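Visitor: The numbering used here puts the last residue of the sequence shown at 170; the count rises by one with no breaks. For every residue, glycine included, the Cβ atom is placed at its ideal position computed from N, Cα and C. Predicted model, so just to flag it, every value in this text is computed and none were measured. Before I ask anything, let me first share the structure, which is written out below as structure tokens.
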Amino acid sequence: MSDLPPSVVSFWKGVDTHDWDLVRQSITDDFMRIGMKDTEADTCCGADAYIRFLQGVIGRFEQHSLESRSGYVSADGKRVTHEAIEVIQPPGSEPITMRFLNVMVIDDDGLIKKLDIFWKTPPTMPPSWIEVGIVLGED
């Protein structure tokens, strides 16, 4: 994955290691995350809101890890597809393994402007509270 933009590499490293400063340095101020539910309630707009969302979700887990598997960059360098395996362990639950394909839009400065998440439905569903509006108290 050495051909991935540095912002993409640092973004996923930051998510895996819970280094929120590294994540923040990798995204634009107007960053948009479209979540796995593909709803307005699971869309996060703004870098600071996204960092609060990550902290609010990952901070609740007994265990969290993210493994980057592969990534591909479009010919113009403006889109990246990234495959990841994420393991979460909600409180009082067994670990849940989820497989994702992420589509990322890169701006002219090489930062991530948009993250659109696609995933395979795991045998055990993640908690319903993993939604931007719920985690950030907007509902």
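Tell me, to the nearest whole angstrom, how far the beta carbon of Leu97 is from that of Trp43; I am working on the premise that it is less than 8 Å.
Guide: With a Cβ gap of about 7 Å, Leu97 and Trp43 count as contacting.
Visitor: For Arg130, which of Pro37, Val39 and Ile148 has the nearest alpha-carbon?
Guide: Measuring from the Cα of Arg130, the nearest candidate turns out to be Ile148.
Visitor: What are the complete beta strand (DSSP E) segments, minimum 3 residues, inside the region 48-128?
Guide: The qualifying runs are 58-65, 74-76, 94-104 and 110-120.
Visitor: CB-CB under 6 Å to Lys145, same chain, minus the five flanking residues each way: which ones, in chain order?
Guide: Met63 and Val136.
Visitor: Count the other C-beta atoms from every protein chain shown that fall within 10 angstroms of the C-beta of Ile143, then say buried if there are 16 or more, exposed otherwise.
Guide: So Ile143 counts as buried.
Visitor: Going by DSSP, which residues form a beta bridge with Met135?
Guide: Answer by DSSP bridge pairing, in chain order: Val111 and Leu146.
Visitor: When we look at the beta-carbon of Glu125 and count the other beta-carbons within 10 Å, is it buried (16 or more) or exposed?
Guide: When all chains shown are included, Glu125 counts as exposed.
Visitor: Quick one: what's got a C-beta closer than 7 Å to Arg83's C-beta in the same chain, skipping five residues either side?
Guide: The residues are Leu167.
Visitor: If the criterion is Cβ atoms closer than 8 Å, does the pair Ile58 and Ala78 meet it?
Guide: Yes, Cβ-Cβ distance for Ile58 and Ala78 is below 8 Å.
Visitor: Note down the Cα distance separating Ser38 from Glu93, rounded to an integer number of angstroms.
Guide: Spanning the two alpha carbons is a distance of roughly 28 Å.
Visitor: Hey, how far is the Cα of Phe71 from the Cα of Ile161?
Guide: A small correction: the amino acid at residue 71 is Glu; Phe does not occupy that position in the sequence shown. Cα to Cα, Glu71 sits roughly 13 Å from Ile161.
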